[in-house]
Amino acid sequence: MSVPFHLLDRPITEYIGVKLWLEEYGQFWGIPPSMIDQELSSSLLILERFCAFVGKDPDQIAGECLRPSKVGEGVMLRTKARREYIGLIADFERKEGSRASGSAVRSFFIHNGVAMTPSALR
Amino acid sequence: MEFKRVLGRRRSFHYFATWRPVEREKIQAMLEAARRASRAVNTPFFKAVVTYRDRLSQEERNQFKTAWEPTVFDFAPVSIFWYHDTEARVAYVDRLKRPGVPSGALQDNAVMAPLLGWSRRFLSEVILPELLAPGGRSAPPARGGNSDAAMAMEQALLCAYDEGLAATLVPFDEDGARTVLGVPEVWEPLLAMLVGYPAESWEAGGQAPGLPFEDVFFAGSMDTAFERDPQVVARLQSEELIQEQAPIAWRKHEIRGLDRMFRLPASR
Amino acid sequence: MEFKEVVGWRRSIRFFAPWRPVEREKVQAILEAVYRAPKVLELDIVRCVVIYRDALTAEQLESIRSPINSAQIDMAPVYIQFFADLQAAERAMDGGHLKELIDLDLLPASFGWTHDYVDRVIVPQVYKRILTDSNRVVVGRRPPLLQEVEEQAQARAGGGRTVVAVEAEPATLPLSLLVLANTAVGIAQAHALLSAFDEGLGAHLCGISPVVMKQLCRIPDYWHTGASTMLLGYHAGSWEDGGQRPREPFEEDFFEGRYGTPFVQDPGVVGRLKAERMIQDEAPLAWRRGELSALADMLGLPK
Ligand SMILES: Cc1cc2nc3c(=O)[nH]c(=O)nc-3n(C[C@H](O)[C@H](O)[C@H](O)COP(=O)(O)O)c2cc1C
């Protein structure tokens, strides 16, 4: 599925949240920056499809889930928005018929600081 | 020693062999065990000061005493004073930059992982300001005890038994101990751990009774007791977690003998 | 297992085999170990409720999820919640239990223990002081994130059905009573965590809303609980679980003789404890990321 062009006005890897994702993912899993795009190529496509699914770009999505902290330092989770996205990811996962699709999107959220996990498979 | 036997052996000892010093290496082993205990955000909320009876004057020892078993301080060759460091969060995270959870050290060391929903950003920007300092980072250190510090203390206590020592927990006088030990005001006292080789038998009168098992443990909710299966009890008896209960027939004679040995006034 | 090995193998296990139940006998063995924990001031304070994940409704399970715990909650088949019965000191005011211990020759007269001493000194000077401590502290204050999660759980429950009623905890407690409660619970948790590993299981303490837990376990107001629940199950990964976790320098924690004089760590003792497997290889282990990646695939968790 292709993403409507008005939604993403630049390549997905140029969004701040996506850059952060690639950087943090590479850092955790020990993948050199030169190889990270390739490593996550299918995940990036999945994220594009998720953006189309919710009609928002990656930075809008991440921005909706975090806000500056009341006490001055750090950021706070917007728990309501986070919860809504947890539901949307589950819907998206069902639509795509694949846990891997859900996992890719969750990975984007997680490395951006929005903690979430699905139920572990039994 | 087998783990269950260590737990089974533990009880409150009173009569320590005053003439037998405790090897420093055994004390270190106990402290090492304390350090391995679970601790919220990997922060050491415990602190401890090890003292040796023979290096303290009688007046100094008297300063530790409360109404609860004051005499024991004169028996045990080693007393370890356990504290809750109410400033641990701030010191550990902000000042010392130790490998706590919010520093990302556990993430970097792949103990914690995105599999569980965590990332460095979550830990450092969400969790650090959130969980680490309820009420804001400038909130004053709060007293009120700390279960983590107690957990560390208990691991040390059990390790004493594994090392062939006996250890007993008693309260101590906060102000007196501060005078003798010079500990910071922000340390809140937990308990003193009196350590030594026992002069009494390992039975020490037998295991103490408590509330019925079913009044303490519940399944699902408080409405349903966790039923005690006698077969499991039998297994744990053979593993020596559950040992002979007090009273033990010869205990009175033992106490009389010990009192003679230590020239203690038998007031009964 | 040898005691030192149990201490060495204990580490916070956060990946459990979600499909493998824990035998009831092992749960009981853990409780029996808690039962044998020392009692601070001879007070019987600790209570435990064992919760089986699969006995919870989907709504109940949902109510204990939070951003910091959700995957672990799903993986662990058993949770043990620790409470402190705040009425324990009040109930001991008759000195009855201490007198029983005296009569059993567990508290010797030569150390001052007589019925008269209990009545004249211990009850008024120790127990009563705990209960009447004028220094009171606020309990139940929770970080904003947790509070928000609780409020939402309540809102979701909606429609008059109370899955989770967010009730105010008693606003303040006597400081000495709270110290006692936390100390007793910590001691019990040490026994429980270590026993889990001795029984061949993995475990860790996990922050779950105490308000939600109190509601779930239907416990009275005078049972106090902190924010950590023990999750229990079989390891999904290796026992190494990435290696032992880092610790600060030994000399920061312990002092000898007096504060300011560190208790210097003797490397010879460390060597012995390594041989006894209490001190083991520290994280990160070289193969850890491979293991985590495999666990993610097996359990359907994100990377
Ligand atoms: C009171 C308490 C609460 C804890 N809460 C959590 C938690 O919510 N999530 C978690 O993953 N670990 C939790 N832990 C585990 C600690 O993070 C862990 O003990 C610490 O990082 C040291 O690692 P180790 O237990 O593996 O030695 C908690 C520990 C304690 C004592």
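Line by line, the protein sequences give chains A, B and C.
Sequential numbering of the first sequence, starting at 1, is according to this note's numbering.
Sequential numbering of the second sequence, starting at 1001, is according to this note's numbering.
Sequential numbering of the third sequence, starting at 2001, is according to this note's numbering.
We put the beta carbon where it would ideally sit given N, CA and C, even for glycine.
### Query
Does the separation of the CB atoms of G1176 (chain B) and F1064 (chain B) fall below 7 Å?
yes
### Message
I'd like to know if S2070 (chain C) contacts chain A, where contact means its C-beta is closer than 7 Å to some C-beta of that chain.
### Response
yes
### Query
When Cβ atoms are compared, which residues of the region 1099-1122 of chain B fall closer than 9 Å to chain A?
Q1107, D1108, A1110, A1113, P1114, L1115, L1116, G1117, W1118, S1119, R1120, R1121, F1122
### Query
For V1090 (chain B) and chain A, any beta-carbon pair shorter than 7 Å?
no
### Query
Quick one: what's got a C-beta closer than 8 Å to S69 (chain A)'s C-beta in the same chain, skipping five residues either side?
V75, M76
#### Entry: Presumed contact (8 Å Cβ cut-off) between V2306 (chain C) and L2175 (chain C), rounded CB distance
Only positions 2001 to 2303 of chain C appear in this structure, which leaves residue 2306 (chain C) out of reach.
### Message
So the candidates are C:A2196, C:P2267, C:E2148; which of them puts its Cα closest to the Cα of R2011 (chain C)?
### Response
C:A2196
### Task
Enumerate in chain order the residues of its own chain whose CB-to-CB distance from K19 (chain A) is below 8 Å, with the five nearest sequence positions on each side excluded.
T13
### Task
Could you tell me whether the region 2208-2223 of chain C touches the region 2258-2274 of chain C, where touching means 3 or more Cβ pairs closer than 8 Å?
no
### Task
Report the three-state DSSP secondary structure of H1014 (chain B) (helix, strand or coil).
coil
### Task
Assign S1057 (chain B) to one of two classes, buried (16 or more other C-beta atoms within 10 Å of its C-beta) or exposed (fewer than that).
exposed
### Query
Relative to ligand 1, is the shortest distance from any of its heavy atoms to the C-beta of I2068 (chain C) smaller than 6 Å?
yes
### Message
If we require 4 or more residues per run, which alpha helix (DSSP H) segments fall completely within the region 2172-2225 of chain C?
### Response
2175-2198, 2210-2216
### Query
So what does DSSP say about Y1083 (chain B), is it helix, strand or coil?
strand
#### Entry: Spatially closest choice to D2074 (chain C) from C:G2237, C:G2112, C:R2014, C:M2213, by CA coordinates
C:R2014
### Message
Can you pull the chain B neighbours of Q2087 (chain C), defined as C-beta to C-beta under 8 Å?
### Response
Under the 8 Å cutoff, chain B gives no residues; its nearest Cβ is about 12 Å from Q2087 (chain C).
### Query
For a contact meaning CB atoms closer than 7 Å, what does G17 (chain A) contact in chain B?
Neighbours of G17 (chain A) on chain B: none; closest Cβ ~10 Å, over 7 Å.
### Task
Would you mind reading off the limits of the alpha helix (DSSP H) that contains F50 (chain A)?
41-54
### Task
Could you check the C-alpha separation between S1124 (chain B) and A1110 (chain B) for me, to the nearest Å?
15 Å
### Task
Examine ligand 1 and report whether any of its heavy atoms sits within less than 6 Å of the Cβ of D1148 (chain B).
yes
### Query
Where does E1239 (chain B) fall in DSSP's three states?
coil
### Message
What residue range does the alpha helix (DSSP H) around M2075 (chain C) cover?
### Response
2070-2075
### Task
Could you tell me which residues DSSP puts in a beta bridge with F33 (chain A)?
For clarity, residue 33 (chain A) is Pro in the given sequence; the question names Phe instead. Note: P33 (chain A) sits in no beta bridge, so no partner.
### Query
Which runs of the alpha helix (DSSP H), 4 residues or longer, sit entirely within the region 2038-2072 of chain C?
2058-2064
### Query
Hey, out of C:F2003, C:V2006, C:V2034, whose CA is closest to V1216 (chain B)'s CA?
C:V2034
### Query
Within 7 Å (strictly less), CB to CB, does S46 (chain A) reach chain B?
Ser is not the amino acid found at residue 46 (chain A); the sequence shown has Ile there. Not closer than 7 Å to any Cβ of chain B, the Cβ of I46 (chain A) fails to qualify, so no.
### Query
E1154 (chain B) CB to nearest chain A CB: under 7 Å?
no
### Query
What's the gap between the Cα of E183 (chain A) and the Cα of V105 (chain A)?
With chain A represented from 1 up to 122, any question about residue 183 (chain A) goes unanswered, as that position is not in the structure.
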